[in-house]
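Visitor:
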Amino acid sequence: MTQKNRLSGGQIDPNETFSFKFDGKSYQGHKGDTLASALLANGVRLMGRSFKYHRPRGVLTAGSEEPNALVELRTGARQEPNTRATTAELFDGLVAKSQNRLGSLRFDAMAINDRFSNFLTAGFYYKTFMWPKAFWEKVYEPIIRKAAGLGSLSLEDDPDVYDKGFLHCDLLIIGSGPAGLSAALTAGRSGAQVILADEDFRMGGRLNSETHEIGGTSGAQWAAATMAELSALPNVRIMTRTTVIGAFDHGIYGAVERVSDHLATPEAGKPRQILWRIYTKHTVLAAGATERPIAFENNDRPGIMLASAMRTYANRFAVTADQRVAIFTNNDDGHRTAADLHAKGVKIAAVVDVRADAPSSMDYEVLHGEVVNTKGRLGLSFAEVKLADGSTRTLEAGALGVSGGWNPNVHMTCHQRGRPTWNSDLAAFVPGADLPMGMVVAGAANGDLSTHGALLGGAQAAKSLLGIKGRLPKLPETEDAPVNVTPFWYVEGASRAWIDQQNDVTVKDVKLSHQEGFRSVEHLKRYTTLGMATDQGKTSNMGGLAIMAELAGKTIPEVGTTIFRPPYTPTAIGVLAGRHTGQDFHPKRLTPSHKWAEERGAVFVEVGNWLRAQWFPIAGETHWRESVDREVLATRKSVGVCDVTTLGKVDVQGPDAAQFLNMVYCNGFAKLAVGKTRYGLMLREDGIAMDDGTAARLAEDHFVVTTTTANALPVYRHMEFVRQCLAPDMDVQLISTTEAWAQYAVAGPNARKLLEKIVDVDISNDAFPFMACANITICGGLRARLFRISFSGELAYEIAVPTAYGDALMRKIMEVGEEFNITPYGTEALGVMRIEKGHAAGNELNGTTTAANLGMGHMVSSLKDSIGKVLSQRDGLNADGDLRQVGIKPVDPADPVPAGAHLMNADGPVDATHDQGYATSACYSPNLGHSIAIGFLKNGSERMGERMRLVSPLTGVETEVEIVSAHFIDPDGERLRA
Amino acid sequence: MIIEHPLLGPRDSSEFTYMGDAKLIDRPDPEAETAARDFYEYGYLRDNPAGWHDELWFHEQGDRSWLVVTRNTLTHEISKVELARDVARARGRSK
Amino acid sequence: MRYSGLQVIKQALTGHKGWKPAWRDPEPKPNYDIIIIGGGGHGLATAYYLAKEFGQKRIAVLEKGWIGGGNVGRNTTIIRSNYLLDGNEPFYEFSLKLWEGLEQDFNYNAMISQRGILNLIHSDAQRDAFIRRGNAMLLNGADAEMLTTEQIKARYPYLNTEDARFPIKGGLAQHRGGTVRHDAVAWGYARGADKLGVDIIQNCEVTGFRQENGRCVGVETSRGYIGAGKIGCAVAGSSSRLMSKVDMRLPMESHVLQAFVSEGLKPVMPGVVTFGAGHFYCSQSDKGGLVFGGDLDGYNSYAQRGNLPVVEDVCEGGMAIFPAFGRARLLRMWGGIMDMSMDGSPIIDRTPIDGLYFNGGWCYGGFKATPASGFCFAHLLARDEPHPTATAYRFNRFETGHMIDEKGMGNQPNLH
Amino acid sequence: MHSLTSVTALGGTEPRIDTFDHIKITENDGVALASVAARIGREAACHKVLKKLLGAVPETGRAVLHDPEAGFCMGPDQWMIGAPKDTHELLADQLKDLFGDNASITEQSGAWVCFDLRGPAMEDMSERLCNIPIRSMISGDVRRTVIHQLGCFTIRRADADHLRILGPRASAETLHHAILTAALSTA
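Residue numbers (full-length UniProt numbering), protein chains in the order written: chain H, 1 to 978; chain U, 1 to 95; chain V, 1 to 416; chain C, 1 to 187.
#1: Give me the residue from H:Ile468, H:Gly390, H:Ile563, H:Leu105 with the minimum Cα distance to residue 420 (chain V).
#2: Would you list, in sequence order, the uninterrupted alpha helix (DSSP H) runs of no fewer than 4 residues that lie entirely inside the region 140–164 of chain H?
#3: When the distance is taken between beta carbons, is Lys864 (chain H) closer than 8 angstroms to Asn609 (chain H)?
#4: Between Asp731 (chain H) and chain C, is the shortest Cβ-Cβ distance under 8 angstroms, so that the two count as touching?
#5: Spell out whether any CB of chain H is found under 8 angstroms from the CB atom of Trp57 (chain U).
#6: For Glu65 (chain H), does the count of other Cβ atoms within 10 angstroms reach 16, so buried, or fall short, so exposed?
#7: Is the distance from the Cβ of Ala264 (chain H) to the Cβ of Phe22 (chain H) below 8 angstroms?
#8: Could you tell me if Leu265 (chain V) is buried or exposed, where buried requires 16 or more neighbouring beta carbons within 10 angstroms of its beta carbon?
#9: If you run the structure through DSSP and keep just helix, strand and coil, what is Thr646 (chain H)?
#10: Between Gly366 (chain V) and Glu406 (chain V), what straight-line distance do the alpha-carbon atoms span, to the nearest angstrom?
#11: Apart from the five residues just before and just after Ala751 (chain H), which ones in its own chain have a Cβ nearer than 8 angstroms to its Cβ?
#12: Would a C-beta distance cut-off of 8 angstroms place Val716 (chain H) and Gly648 (chain H) closer than the cut-off?
#13: What three-state label does DSSP hand Asp509 (chain H) in the structure shown?
#14: Report yes or no: is there a C-beta of chain H within less than 8 angstroms of the C-beta of Ile40 (chain C)?
#15: Should His295 (chain V) and Asp313 (chain V) be called a contact, given that it needs their Cβ atoms to be closer than 8 angstroms?
#16: Rounded to whole angstroms, what's the CA-CA distance from Gln7 (chain V) to Lys281 (chain H)? Just pull it up for me.
#17: Between Tyr744 (chain H) and Asp656 (chain H), what straight-line distance do the alpha-carbon atoms span, to the nearest angstrom?
#18: Let's test the definition: count the other Cβ atoms within 10 Å of the Cβ of Asp198 (chain H) and tell me whether it reaches 16, buried, or not, exposed.
#19: Rounded C-beta distance between Ile134 (chain C) and Ile147 (chain C)? I'm assuming under 8 angstroms.
#20: What residues in its chain sit with their C-beta under 7 angstroms from that of Pro167 (chain V), if we drop five residues either side in the sequence?
#21: Determine the contact status of Pro890 (chain H) and Ser862 (chain H), defining contact as a CB-CB distance below 8 angstroms.
#22: Have a look at Ala481 (chain H) and Asn331 (chain H) and give me their C-alpha separation to the nearest angstrom.
#23: I believe Val371 (chain H) touches Thr486 (chain H) by the beta-carbon criterion, under 8 angstroms. Please report the beta-carbon distance rounded to the nearest angstrom.
#24: Using a Cβ cut-off of 7 angstroms, pull out every chain H residue sitting near residue 188 (chain C), in sequence order please.
#25: Rounding to the nearest angstrom, what Cα-Cα distance links Val49 (chain C) and Leu65 (chain C) in this structure?
#26: Note down the Cα distance separating Ala121 (chain C) from Asp163 (chain H), rounded to an integer number of angstroms.
#27: Can you tell me where the alpha helix (DSSP H) holding Ala378 (chain V) begins and where it ends?
#28: When DSSP builds the beta bridges, which residues end up paired with Cys152 (chain C)?
#29: Would you mind reading off the limits of the beta strand (DSSP E) that contains Glu798 (chain H)?
#30: Using a 10 Å radius around the Cβ and a threshold of 16 neighbouring Cβ atoms, would you call Glu739 (chain H) buried or exposed?
#31: Should the region 28–38 of chain V be called in touch with the region 45–52 of chain U, which here means at least 3 C-beta pairs below 8 angstroms?
#32: When you compare the CB of Tyr918 (chain H) with every CB in chain V, is at least one pair closer than 8 angstroms?
#33: Taking Cβ positions only, does residue 1058 (chain H) come closer than 8 angstroms to chain C?
#34: Going by Cα to Cα distance, which pick from H:Gln583, H:Ser593, H:Trp498 is closest to Ile547 (chain H)?
#35: Kindly give me the distance between the Cβ atoms of Ile2 (chain U) and Ile252 (chain H), rounded to whole angstroms, as I take these residues to be in contact under 8 angstroms.
#36: Report all residues from its chain with a CB closer than 6 angstroms to the CB of Val365 (chain H); omit the five preceding and five following residues, and keep chain order.
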């Protein structure tokens, strides 16, 4: 028999056997096992190494509070570091390996640290490694970092997917022990929408671990029967393998469902885990309690574990850590472990109880005393006991169960403002008064440690929260033992007695922390790292607090408690991200001509989630500049077309529409004639330029406003703010219609000729002059909008049709444009043409520029109120020598003028105090045959013709430049009006 | 957090965009002699209380209403939610 | 007692009996020359420099709880000086230089580690902006380097460059940036200040200010009245609350910023990386935890905790660039309260009340500023004039229109 | 009659249909849309027209599933009207005639993509897609919500297993991908 420590009974399925590997060695376990229980069954006690001293470690617990038995689960890209063997559900073919070791687990070379532990006390690193100065980063820190960390990531992309989801209910029950099940029954029978969540893969909580009977059947059977009833209720949603990770504001809980972690790999298309956001009116927290250890010398050897964990292994998993077991306890609970193990045929070496009045037993020896030390290199062999009479005994045992009392799992009660309060009967913290909204705590989590107390508390909680009328049905008969505990935290004189096993914090470290003045709980925690390990201090915080209290001569509640923060247990980053990874990180927005552009081989660029064609390479072009230069030249020579759908569009309607725009734009709109378009500059209330665009008056009471692509959302929000909050009685209605219309710019000397072949109306220069706009029809009757506006500086139009026709319109334009050699152009060519025209765009409207900086100071109307007007008049925004937008060209046409470079005077130092300005946007102008830039220069409008240096030390460029007008092409705008 | 929208009922706060102090409704008179000072205070100074706070939230992923939410900045408790437009009207903001 | 490797050995061999408290626990005196309110990083640094650099005596730091419990103990430990604007860059560069000699200066190993910080670039416009910024850094005497995607990939081979929604087009690196063991900064300054005679008084909450003839002459505290020649407030996060006791309204809001740490992992992150197209930045601590963060929750809050949407947003950003982190687990999350100012930049200035000085508005840039903030505030307190690198951090800049707005977001604090 | 042919939001000439055992996902290309926003002081007049048009005024969070025109409430005094595209291509113009200067009408046909989810997995899928209390929503309930960061309308239709999603048309592919993913997840 390979599973030498497998007992009989339990809730595993002995008929289903799984093979698994740990550190390369094969073992067998059963369905229903965890990795930890299966390893124990096979006689494996040594499962890991501690963080600092690399002490050999085995399991301490049988649950998610486990500090020691951490493994790297699975291999390859699915390798998952720091996985608790105590919660990893066994599956056939599972592969795990131990971590944080140099060499094998048995012979870890880093264990040498343990020999030097006297030098490596709490906070030692703050006091040394400072000389010589350079050595910290070059010598000391690399060594420390190399030793740091526990498990390792594969550094391959996580191949699994994660879902997110949303659930709504009347009552969320966290925990499926007796209190949770009782609450679920009460609530479920009332018809309320109930969610019952438990982190375990088997519902029932400690009922599965204990031998108490409920109503004449075993607790486990009662739990199974209750689950069967609940499963049949359509209003109860049962969520196994689901950890509620946090209680957030207003009854929102985060929960992680491990859908596939018990499988070798997830099923195709299925997520590994799901993050549920649960919206609930009420919550019953029935998270149970965690047993706490007692600190004594060398209390960390493999085989030493919580007494309650021993019961779980024996009763649920049919496993014992060894055939010869001792118990050390300060309360009656430890005796239960002895009784249960004895009943399963395990030899009890003795029960050591610190209490003089401990119960005695016919089946095993009960000693009044303390365990003062242990022996055994890679696992426990002997426990040394000091008896109350002063004599000593050495107990031979391969496992030692320790019971120091129970701590209610109050974590979730603290996730908001709650602070637990001290209950001296239990010698433990229990939930305080200030609970998250709608929460009631029941059962052991509330300090009701008996099974009866849990059943009663759960039922009452559900009843009161849901306002269920009538009397509760009679609860089944069950155990109702009082708690009988004598606070006992550590054995007197113990020094290397572990409080926080993972982080290697001992009693001695806590004492040193006190000695050095780190006495507040938070200082203790931060100085010693107590409770900062992956188990979040679930088994260690109380011990540390108790010792600090004793040293400080205070009570435990006077010392306080550290704050419990989400998540309840460590949570995969992947599941918190859900599907928003890779290409799905953000949604994509495709323009109406996207498919057509793809067919032409366009290169796309991301702008505010839009994918826009950046340029359209043609055969033979090997560098993007070739394509862009060609597109620019062809547009300026004949005609080009560009998809400008992405510009934000806001439909502004109503009798007060013009008045409204007068308010949001710094320039005037009240008198804009119907059929006309005007450029508008919007300021923020602080007087800085916010956005620019055009407003076209299609009717007396109807404008279409455009915004820049990037600002579509904030501008719309701002306009709604002005409408609803500042001018609530203006009769104006706003609708964002960005996506409703496909809009294309047709630009170039032949633009009109081309469009005349499409539109159904007269668009001659007289009928449809520069800045005209109209609702028209095209192609024999399709409704469309036409604007004669130009970003390129050419004779240009923007034509819009309902989006569904966008693809067809683009193909039509290309078709009729063939005779003009029409060239589609992308955002790069668009950018070149706008720089050639000196139009400001995102790089210039960078949130710090004023209208004056942009050379548009004259546009801020003094005749009317508008947003930003008053604050735009502050001195700091109107100082002499302020920045002005200018054009920059290289003196030697071959030189670059990079954006982001700074302007310096022709002579003098090059440093920050002599900074004159900077280039914002730059490009190569194929029309001028050299690079050009626009930028901001101090007192720029007075410095035309000045020679300066444009320097970019970052990219190693320094160019002699001349300051010129930003209107490099057609400064008088003749082409626009042609 | 959940914001009890006066028209739509409980909505997750992640559907909203936050702007801050609802005093931003009280835009000063630009014609007043003290306009420069008034706008500076309006634009820049905040009570920033630790406790109850009237604040503006925009239902960006909802009905595009601006709301005035009375929320406790210590506990995040919400005691009142109104349409900002109603508040603006009640505060006498005319055309 | 001086800390050193020898001392550690000596103490280890003698049972660690000789270690003394890192700072005394004195009773407050009736009055001091200078009182600093706030025993966080900035307050302790101010006291330290007042005593060490400006020859001031009779100094006390009053802390309402335990020292280092505010943002110095709850940040993501990053130091850098990669700022753009004239008002900021010289100050943060001064700070970085102070960091570089700090441990030797105050005889405490704060594990200052210049591992480098890298801002990823994802668009041409962003590159232009980062070139401008990198140039501003160099022109101010800081270091900066533009890295190509290949150079970045060599350092972070598991960065997502293949299947990224926002492809990486390079990055702006500051190699002198890095991380510091945050708690140790508070403790190091506290110990250093204590050795110079500064009284560090914990559990002493200031409940009011006493004014006489328009001058602030002392503070009411939970431990009684304490008089002072000058009083400096350094309570970022709670600035508005404290200053409301003298009826001052500040140009700031208090916001919660969450931070996160993963379980301990073997080293994977050599330096600090900031994702330029999402809300995510990350480094790895000497203990092995991935330390990361992102955006503000976005609403005014004095509760030191946040909510799920931002947790998810940050993790989405993380997975977008580091898909290998999916199987690492988030261990702990917490929140700190930020003084979010109206232009994203701090204030170190006199108040309208004689004898009362203010330091705050650090947004989420306070940690890296700690040494310079302390130094400059000490300068102001001792000499009544601003330090040359902090001349722009004035209260009146909003009224006069001299904002220092790095991000260009205007008077909307949660966008800075 | 004009000479341009339209394409569906997913770029096809025919609507996309994805059929699984547990759900059928149909791109619905047949809906014309226009929004109606009441002008100040004309709310009552608008209600009258709506009642005439739909048989009832859609209440907040509700749709009136009337034939051929249907409508739902988008916000305060603001409604979305839908009708078969075949017969109502010029829906906005038709509504302008009906409402006169009582309301501002905006054509919305091009702004949205419409997907119909029908099948036993509809509720499970909804839970993975968006934050709506789908199991307590009844026929005619409408929620504006977020699906994969996209602002969408969800309408629980007359049949118990039918949910209609209106999402931003430019992101039709992203939305479709999210819906398909949820379908595979819940299979």
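Cβ coordinates follow ideal geometry from the N, Cα and C atoms, glycine included.
Model, not experiment: these values are computed from the prediction.
Guide: According to the structure data:
#1: There is simply no residue 420 (chain V) to check, as chain V begins at 1 and stops at 416 in what is shown.
#2: Taking 4 residues as the minimum length, the alpha helix (DSSP H) runs contained wholly in the region 140–164 of chain H are 141–147, in order along the chain.
#3: no
#4: yes
#5: no
#6: buried
#7: no
#8: Here Leu265 (chain V) is buried, its C-beta having at least 16 other C-beta atoms within 10 Å.
#9: Note: Thr646 (chain H) maps to coil in three-state DSSP.
#10: 15 angstroms
#11: Val639, Glu794, Leu795, Ala796, Tyr797
#12: The sequence shown places Tyr at residue 716 (chain H), rather than the Val named in the question. A contact, by the Cβ cut-off of 8 angstroms.
#13: helix
#14: yes
#15: One point to set straight first is that residue 295 (chain V) is Asp, not His, in the sequence displayed. Taking 8 angstroms as the cut-off, the Cβ atoms of Asp295 (chain V) and Asp313 (chain V) count as close.
#16: 58 angstroms
#17: 29 angstroms
#18: buried
#19: Not quite, the Cβ-Cβ distance comes to about 12 angstroms (not below 8 angstroms), so this is no contact.
#20: His122, Thr161
#21: no
#22: 12 angstroms
#23: The Cβ separation is near 15 angstroms, so there is no contact.
#24: Because chain C spans 1 through 187 in this model, residue 188 (chain C) falls outside it and cannot be assessed.
#25: Answer to the nearest angstrom: the Cα atoms are 16 angstroms apart.
#26: Their Cα atoms are separated by approximately 16 angstroms.
#27: 366–383
#28: C:Thr145
#29: 796–802
#30: buried
#31: no
#32: yes
#33: The structure shown does not extend to residue 1058 (chain H), since chain H is modelled only from 1 through 978, so no value can be given for it.
#34: H:Trp498
#35: 7 angstroms
#36: For the record, residue 365 (chain H) in the displayed sequence is Glu; it is not Val. Result list for Glu365 (chain H): Ala350, in chain order.
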